[in-house]
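Participant: Straight run, no breaks: the sequence shown in the working numbering ends on number 398.
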Amino acid sequence: MWPTLTIVAFALLIALLVAHFRLRDQLCRAEQDAAKRFDEIKGRQQAQALQIQTQQETLFNSMIEGLLLLDQDSRIQLANRAFIQLFDVSADVRGKTVLEVVRHHELDKLIETVAAQKQVLGYELKLGGLSERWLQINAAGVFNGEGKKQGTILVFHDLTRLKQLERTREEFVANVSHELRTPLSLIKGYVETLLDGAKDNPDVATKFLQTIQRNSERLQFLIEDLLTISELESGRLKMNLQSLRLHSLVDRVLEDFKTQAETRRVALKNDLPDLTARGDSDRLQQVLGNLVGNAIKYGREGGHVSVSAKLVNGSAIELCVRDDGPGIPTDSLERIFERFYRVDKARSREQGGTGLGLSIVKHIVASHGGKVWAKSELGQGSAFYFTLPVKPEATN
3 MWPTLTIVAF ALLIALLVAH FRLRDQLCRA EQDAAKRFDE IKGRQQAQAL
53 QIQTQQETLF NSMIEGLLLL DQDSRIQLAN RAFIQLFDVS ADVRGKTVLE
103 VVRHHELDKL IETVAAQKQV LGYELKLGGL SERWLQINAA GVFNGEGKKQ
153 GTILVFHDLT RLKQLERTRE EFVANVSHEL RTPLSLIKGY VETLLDGAKD
203 NPDVATKFLQ TIQRNSERLQ FLIEDLLTIS ELESGRLKMN LQSLRLHSLV
253 DRVLEDFKTQ AETRRVALKN DLPDLTARGD SDRLQQVLGN LVGNAIKYGR
303 EGGHVSVSAK LVNGSAIELC VRDDGPGIPT DSLERIFERF YRVDKARSRE
353 QGGTGLGLSI VKHIVASHGG KVWAKSELGQ GSAFYFTLPV KPEATN
């Protein structure tokens, strides 16, 4: 009987051992499966977090405004691409303070102000350097649900272009007002003098009326030039492009200025070869008229004015109006195409110019797809250049 019981007990022990090892294997596999699922979930969560971070960085870097995110210790956590470009700093700015990165104490004080006031809106910051720049900053503190500060966010908008346009507008209004005031004051003064009795003296009345007429014409020219500038800048003035024989065009312009040239004993010369360009005849006559008129007016009395041209790279024609006058100072060459800019203000107004001629020249040439520039040396005369597209070859 005992051998039988021993065998049975041994069999039960083996069965229990088999069951134990089987259960252990199942538990081990379950733990492995759980660990695998945990790793998969963790991996998905990390991938999702990375994807969200990537999307956020892509969004922030796509903004045209500079964005700066600071932590509760006012150290940089995020700076987008626009901020890096605005301040021209290294891309690796995380963990640094704003003062370490941009070296601008006014911006550092602004961050302190945000900490005290919670937000600052519409703050304008002027940046120095070779070219003046202006930034508008909107800043606010970031707080959690308990009202504890977590950090600061700053958004930078570049105001430089708006500031430049505003300054240009102010200068334009001031210049126009000045240009209008001078002839109007003269007209009003002479009219009042005539009404006070000067009209009864024929010689005086005739002289005064001639002055009134001259200043009325000056006002008319100024208004016409202002309208032309406005149409050119807005794109409303359409160019009637056609094939033009430039030698004949220059001949017509020089003929128009023949009397003015004879008055100052200036010799006019057409040095153009037989070239054909594509352009608007009336507007190009206006360009050449401004340049030739200035050359006669401001050049040397008894001097020479010539118009020449040459083909450049087979794709453009370069025209040149040259005089042998006193020349233009180097520091004025960059500005002479600006509206109302005058090299010699007293002489220009005495000659009756509006101060818009060269600006009109620049815009008309640009409307033809060309460019304009000037070269000069004091005592050696001046040369004004502009380019025009060559007439395209006919195709079948």
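In this text, a Cβ means the ideal position worked out from N, Cα and C, and glycines have one as well.
So, with DSSP's three-state summary, where would you put Arg83?
Facilitator: Counting from one through the sequence shown, the residue named residue 83 turns up at place 81. The answer is helix: DSSP assigns Arg83 an H, G or I state.
Participant: Keeping to the same chain, check which residues put their C-beta closer than 8 Å to that of Leu251; ignore five residues upstream and five downstream.
Facilitator: For this step, residue 251 is matched to residue 249 along the sequence shown. Same-chain partners within the cutoff: Ser283, Leu286, Gln287, Leu290.
Participant: By the three-class DSSP mapping on this structure, what secondary structure does Arg31 have?
Facilitator: Reading the sequence shown from its first residue, position 29 is the one you call residue 31. Looking at Arg31 - three-state DSSP - the assignment turns out to be helix.
Participant: Taking C-alpha atoms, which residue in Pro204, Leu156, Trp136, His106 lies nearest to Ala142?
Facilitator: Translated into the one-based positions of the sequence shown, residue 142 becomes position 140. Per the Cα distances, Leu156.
Participant: Helix, strand or coil for Phe388, going by three-state DSSP, please let me know.
Facilitator: The residue you call residue 388 lines up with position 386 of the sequence shown. Residue state, collapsed to three classes: strand.
Participant: How many Å lie between Ser236 and Ser369 at the Cα?
Facilitator: The residue you call residue 236 lines up with position 234 of the sequence shown. The residue you call residue 369 lines up with position 367 of the sequence shown. Computed Cα separation, rounded: 11 Å.
Participant: Can you tell which of Leu109, Gly149, Val144 has its C-alpha closest to the C-alpha of Gln138?
Facilitator: For the purposes of this step, residue 138 is taken as residue 136 along the sequence shown, with counting starting at 1. Measuring from the Cα of Gln138, the nearest candidate turns out to be Leu109.
Participant: Let's test the definition: count the other Cβ atoms within 10 Å of the Cβ of Phe89 and tell me whether it reaches 16, buried, or not, exposed.
Facilitator: To locate residue 89, count along the sequence shown from 1; it is residue 87. Answer is buried; the Cβ neighbour count reaches 16.
Participant: For Gly359, count the other beta carbons within 10 Å of its own beta carbon; 16 or more makes it buried, fewer makes it exposed. Which is it?
Facilitator: By 1-based counting over the sequence shown, the position of residue 359 is 357. Buried: at least 16 other Cβ atoms inside 10 Å.
Participant: Determine the burial state of Phe145: buried for a count of at least 16 other Cβ atoms within 10 Å of its Cβ, exposed for fewer.
Facilitator: Here residue 145 is taken as the residue at index 143 of the sequence shown, counted from 1. Result: exposed.
Participant: How many Å lie between Tyr300 and Ser378 at the Cα?
Facilitator: Taking the first residue of the sequence shown as position 1, residue 300 is located at position 298. Taking the first residue of the sequence shown as position 1, residue 378 is located at position 376. So the two alpha carbons sit approximately 13 Å from each other.
Participant: Given Leu69, which residues of its chain have a CB within under 8 Å of its CB, disregarding the five upstream and five downstream residues?
Facilitator: Here residue 69 refers to the residue found at position 67 when the sequence shown is read from its first residue. Phe62, Leu80, Ala81, Asn82, Ala84, Phe85, Ile155, Leu156, Val157, Phe158, listed in sequence order.
Participant: In this structure, does DSSP put Asp90 in helix, strand or coil?
Facilitator: For the purposes of this step, residue 90 is identified with residue 88 of the sequence shown, where counting begins at 1. DSSP places Asp90 in coil when its eight states are reduced to three.
Participant: Skipping 5 residues on each side, what residues in its chain have a beta carbon closer than 7 Å to that of Val367?
Facilitator: Within the sequence shown, the letter at position 365 stands for residue 367. Closer than 7 Å at Cβ, skipping near neighbours: Val289, Lys373, Val374, Phe388.
Participant: Report the rounded CA-to-CA distance for Met241 versus His249, giving the unit in angstroms.
Facilitator: Indexing the sequence shown from 1 puts residue 241 at position 239. Indexing the sequence shown from 1 puts residue 249 at position 247. Their backbone Cα atoms lie some 20 Å apart in a straight line.
Participant: Within the continuous beta strand (DSSP E) that includes Val157, where are the two ends?
Facilitator: For this step, residue 157 is matched to residue 155 along the sequence shown. Its beta strand (DSSP E) spans residues 151 to 160.
Participant: Nearest by alpha-carbon distance to Lys128: which of Lys165, Leu246, Val122, Lys151 is it?
Facilitator: By one-based count along the sequence shown, residue 128 stands at place 126. The shortest C-alpha separation from Lys128 is found at Lys165.
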